[in-house]
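Inspection log for the structure reproduced underneath, given as structure tokens.
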Ligand SMILES: Nc1ncnc2c1ncn2[C@@H]1O[C@H](COP(=O)(O)OP(=O)(O)OP(=O)(O)O)[C@@H](O)[C@H]1O
Ligand SMILES: [Mg+2]
């Protein structure tokens, strides 16, 4: 459907422009979305689900990279992915690419924080962490209302703190 494709392209573009690790958008025409191919030769990069927690060389690093990008999408692109899970994250030479932005909603959407909580819960569950998605979503939403700086790793610094110091 053309409208859906346009929406996904718009979301992907906004995320990419905000420095979120997503495939580079190229174009859309009718119901075809063209973006950077993430993979090796003709083989698409595996999803986080394909690799599995046991298959990760450094699960901690991947986890925090996802969290950093979720906050970036929310604070800088004003977007909640809303379908985030191990199925929509590709792993490419140790790095992540978040795909499938068609369901994303703007920060002002009435369910934005609920969707953000669900996205985060999915990630916490995959990594076997007992963290509370709703609490983390509240924290991200609260931080996004305040002035921020960026450090050299692309973490947002709000009131002198990075998200990983607060979760
Ligand atoms: N930019 C990309 N580069 C390489 N492979 C990709 C890219 N985008 C998507 N894929 C591949 O296509 C699959 C489905 O993509 P995506 O999640 O965006 O679509 P979907 O409509 O949700 O389909 P599905 O129901 O299979 O998840 C991914 O799991 C991945 O294997
Ligand atoms: Mg998908």
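In our numbering, the protein residues as written are 1 to 167.
Quick reminder that beta carbons are idealized off the backbone N, C-alpha and C, glycines included.
Since this is a predicted model, take the numbers as computed values, not measurements.
Specify, as a first and last residue, the run of the alpha helix (DSSP H) that residue 144 falls within.
By one-based count along the chain shown, residue 144 stands at place 144. Its alpha helix (DSSP H) spans residues 133-144.
Residues surrounding ligand 2 [beta-carbon distance to nearest heavy atom under 7 Å]:
That gives 83, 87, 88, 99 and 100.
Tell me the start and end of each unbroken beta strand (DSSP E) in the segment 57-116 that is at least 3 residues and wholly inside, in chain order.
Runs found: 89-92 and 95-98.
First through last residue of the beta strand (DSSP E) which encompasses residue 34
Here residue 34 refers to the residue found at position 34 of the chain shown. 32-35 is the extent of the beta strand (DSSP E) around residue 34.
Option in 109, 106 and 88 with minimal Cα separation from residue 99:
Within the chain shown, numbered from 1, the residue matching residue 99 stands at position 99. Per the Cα distances, 88.
Kindly examine ligand 1 and report whether one of its heavy atoms sits closer than 6 Å to the Cβ of residue 52.
Numbered from its first residue, the chain shown carries residue 52 at position 52. No, the beta carbon of residue 52 sits no closer than 6 Å to any heavy atom of ligand 1.
Heavy atom of ligand 1 less than 6 Å from the Cβ of residue 38, yes or no?
Counting from one through the chain shown, the residue named residue 38 turns up at place 38. For residue 38, the shortest C-beta to heavy atom distance toward ligand 1 is below 6 Å.
Nearest to residue 116 by alpha carbon, out of 132, 127 and 128?
For the purposes of this step, residue 116 is taken as residue 116 along the chain shown, with counting starting at 1. That would be 132, whose Cα lies nearest to the Cα of residue 116.
What residue does the beta strand (DSSP E) around residue 27 start on, and which one ends it?
What you label residue 27 is simply residue 27 of the chain shown in a count that begins at 1. Unbroken beta strand (DSSP E) run through residue 27: 25-29.
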